[in-house]
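Novice: Below: one structure in structure tokens.
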């Protein structure tokens, strides 16, 4: 029997292999060989990188559907250079403004590096931030880069050569300090692409124009991919984002803006594609602190596609997407409507590219320039509009306090105290009600224990006797919940502050006391310097520093639980409260220190307030007893 099974297994395996080679591998190899013959340049030499200027002729700025003149200005040469001939000319061009340094490659006319200078007054030594994730394990030819062009002709023919061929280019520096770079592609099946970048010294917006030229003499070029026209991509990802845990991954998204809202279309797995069709005002990729957006000029785009390609995943993530080492590198493609390019004509598409931090004032300023509401990306994941409005209000209050005191750490302390003062009447009433109820419950506790003991086996009778005791002593069974209701009003404020302090880029690099960065752990002692870093068993979390604030928060949580009145204080309750005081600091150990400052100040205030409320409640019965004796 076993021998038959083995022979059957060998036979099935052999048939499967044969079918695979005949119907899958064979056609694939044939197609690959044909592609190699048609595009030998993609299997040739690697790029050579220089920074010398090129001498290519400048391409004139085209206008929408302009007829091409048969001159060298619109057609660089009578016989355009082949891709193979241009292979050795691949170069890189570096452009630096007061805000960022961009490196572009002539291969595809795409940016390979976009380093943002986070120059905040009062903060020195902040390293430039690379907004295009680096992939040292991949060759440039294999990498996907931002601002690639995606389109199909008549739903069939694709043009990947426009992203891999070497372009001619020209650099022009104006008197106002702006830099203009024009990339002109080789001719690909009677089509030519021109990309123009315009960088300005103090502007977060980069002007970007794509011109598609039909160099043929007969048939028009129908740019149509399932009713979509030409697409501009940003990806994969934005910034070399290393999330602290899965909670941070929710902030990594592809986003798009319409007149009514900001939506997101995160792919669920590699190879999946999410899309939104409609009037799109802009689209991009965002993480917790930064946004890279493609904004079409004048007209609205027609569709947004969100992609997650397997080749863009880091090696350690291919088996488990969304690992803790990097965020998934999503790609977003913004399409316009389908269009046609007549023979000897061209179509120009204009965009603005924004790459920068999600600071409210900056997003409003940039949005006014392009007539788009980019600030709507702030807290766009909020479940309710009123919750987002609350977060924005607290954010403005925090920034206002920072403008007064000059320290975000002190601004958090003051904001926490102000919130506690505003909510004091409600919180105080709730504490008094709860303390009073607990004191009354404590008085009848011996009677309740007696009822529990007497009717241990009869639940119905036990409940009936308990209700009788409550009624005799004028206590409502729901009285403990009544004391909690006023404090429930504070919960939205807590969650709004939590979200604000967790996502505020203004805390990045802001110092306070011994804390170097309020957006990260406080790191009182760096264990890696002494070789003492360790991992927590089971969960596998890596502890690389001694963080003081989580410990202080746990201690304050423990004392606060001791002051909170409860009907009973049995051993199980004490153990549970102790576990909470230990569990939260461990769970949130690497959370931003700005959050812990808020939490610690809040716990100290709450403990002091609870202590005062408990004393007030205790004094009232004593006063009544003294009056009765008199």
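Residue numbers (this note's numbering): 2 to 631.
Backbone N, C-alpha and C define an ideal beta-carbon position, used for all residues, glycine too.
1) Taking residue 412 as part of the alpha helix (DSSP H), name the residues at either end of that continuous run.
2) Is it buried or exposed, residue 1, if we count other Cβ atoms within 10 angstroms and call 16 or more buried?
3) With a CB to CB cut of under 6 Å and the five nearest residues on each side skipped, what residues in its chain are close to residue 656?
4) From residue 204 to residue 173, what distance separates their C-alpha atoms?
5) Starting from residue 284, trace the beta strand (DSSP E) both ways and give me its first and last residue.
6) Helix, strand or coil: which one does DSSP assign to residue 458?
7) Since residue 150 contacts residue 211 with CB under 8 Å, what's their CB separation in whole angstroms?
8) Report yes if the C-beta distance between residue 388 and residue 495 is below 9 Å; otherwise report no.
9) Among 222, 169 and 304, whose alpha-carbon lies nearest the alpha-carbon of residue 154?
10) CB of residue 374 to nearest heavy atom of the ligand NAD: below 8 Å?
11) Pull up the distance between the alpha-carbon of residue 167 and that of residue 348, whole angstroms please.
12) I'd like the span of the alpha helix (DSSP H) that includes residue 165, first residue to last.
13) Tell whether a beta-carbon distance below 9 Å holds between residue 147 and residue 111.
14) If we cut at 9 Å on Cβ distances, does residue 534 have a partner in chain C?
15) What separation, rounded to the nearest whole angstrom, lies between the Cα atoms of residue 398 and residue 428?
16) Just list the residues that DSSP pairs residue 341 with in beta bridges.
17) Classify residue 548 as buried or exposed, calling it buried when 16 or more other Cβ atoms lie within 10 Å of its own Cβ.
18) Could you compute how far the alpha carbon of residue 294 sits from the alpha carbon of residue 357?
19) Do the region 275-295 and the region 249-267 meet, that is, are 3 or more Cβ pairs less than 8 Å apart?
20) Going by DSSP, which residues form a beta bridge with residue 527?
21) Can you give the beta carbon distance from residue 585 to residue 555, rounded, assuming they're within the 8 Å contact cut?
22) Taking the continuous beta strand (DSSP E) assigned at residue 111, which residues delimit it?
23) Within the same chain, show all residues whose beta-carbon is closer than 8 Å to that of residue 80, passing over the 5 residues directly before and after it, in chain order.
24) Measure from the alpha carbon of residue 522 to the alpha carbon of each residue in 468, 598 and 613, then state which is nearest.
25) What number of angstroms, rounded off, separates the C-alpha of residue 234 from the C-alpha of residue 354?
26) Could you please give the first and the last residue of the uninterrupted alpha helix (DSSP H) stretch that includes residue 401?
27) Tell me, which residues are paired with residue 258 by DSSP?
28) For residue 307, which three-state DSSP category applies?
29) Leaving out five residues on either side along the sequence, give the residues of the same chain with a beta carbon under 7 Å from the beta carbon of residue 156.
30) Please return the same chain residues whose Cβ sits closer than 7 Å to the Cβ of residue 373, not counting the five positions on each side in sequence.
31) Roughly how many whole angstroms lie between the Cα atoms of residue 352 and residue 298?
32) Taking its Cβ as the centre, do 16 or more other Cβ atoms sit within 10 Å of residue 425, making it buried, or is it exposed?
33) Select from 605, 561 and 525 the residue whose C-alpha is nearest the C-alpha of residue 545.
34) Pull up the distance between the alpha-carbon of residue 451 and that of residue 457, whole angstroms please.
35) With 16 as the cutoff for other CB atoms within 10 Å, does residue 600 come out buried or exposed?
36) Taking a contact to mean a Cβ-Cβ separation below 9 Å, would you say residue 329 touches residue 382 in this structure?
Specialist: In terms of the structure at hand:
1) Its alpha helix (DSSP H) spans residues 409-423.
2) No answer is possible for residue 1: it lies beyond the span of the chain, which begins at 2 and ends at 631.
3) Since the displayed the chain opens at 2 and closes at 631, residue 656 lies outside it and no answer follows.
4) Spanning the two alpha carbons is a distance of roughly 17 Å.
5) Counting along the chain, the unbroken beta strand (DSSP E) around residue 284 starts and ends at 283-287.
6) If DSSP states are grouped into helix, strand and coil, residue 458 belongs with coil.
7) Between residue 211 and residue 150 the Cβ distance is about 6 Å, and since that is below 8 Å, they are a contact.
8) Taking 9 Å as the Cβ cut-off, residue 388 and residue 495 do not qualify as a contacting pair.
9) Of the listed residues, the one whose Cα sits closest to residue 154 is 222.
10) Ligands in the displayed structure: none, and consequently the ligand NAD is not present.
11) Distance between the alpha carbons of residue 167 and residue 348 is about 21 Å.
12) Per DSSP, residue 165 belongs to the alpha helix (DSSP H) from 162-165.
13) Against a cut-off of 9 Å, the Cβ pair of residue 111 and residue 147 comes out as a contact.
14) Among the chains of the structure shown, chain C does not appear; only one protein chain is present.
15) Answer to the nearest angstrom: the Cα atoms are 21 Å apart.
16) DSSP lists 223 as partners of residue 341.
17) Counting C-beta atoms within 10 angstroms of its own C-beta, residue 548 has 16 or more neighbours from the protein chains shown and is therefore classed as buried.
18) When rounded, the distance between both Cα atoms is 9 Å.
19) As far as the Cβ criterion goes, the region 275-295 touches the region 249-267, which means the pair count is three or higher.
20) DSSP lists 546 as partners of residue 527.
21) Residue 585 to residue 555, Cβ: 7 Å. Contact.
22) Here the beta strand (DSSP E) through residue 111 covers 111-117.
23) Bear in mind that the predicted position of residue 80 carries a pLDDT of just 46, short of 50, making it too unreliable to give a figure here.
24) Considering only alpha carbons, the answer is 598.
25) Rounded to whole angstroms, residue 234 to residue 354 spans 11 Å at the Cα level.
26) Residue 401 -> alpha helix (DSSP H) spans 386-406.
27) Beta-bridge pairing by DSSP links residue 258 to 263 and 283.
28) Secondary structure at residue 307: strand, using DSSP grouped into helix, strand and coil.
29) Cβ neighbours of residue 156 beyond the five flanking positions: 225, 226 and 227.
30) Annotation for residue 373: 258, 282, 283 and 296 place their beta carbon closer than 7 Å to its own, counting only its chain and skipping 5 residues before and after.
31) When only Cα atoms are considered, residue 352 and residue 298 end up about 5 Å apart.
32) By the 10 Å Cβ count, residue 425 comes out exposed.
33) Shortest Cα-Cα distance from residue 545 to any of 605, 561 and 525 involves 525.
34) Residue 451 and residue 457: Cα-Cα distance of roughly 10 Å.
35) Buried is the call here.
36) For residue 329 and residue 382, no; Cβs fall outside 9 Å.
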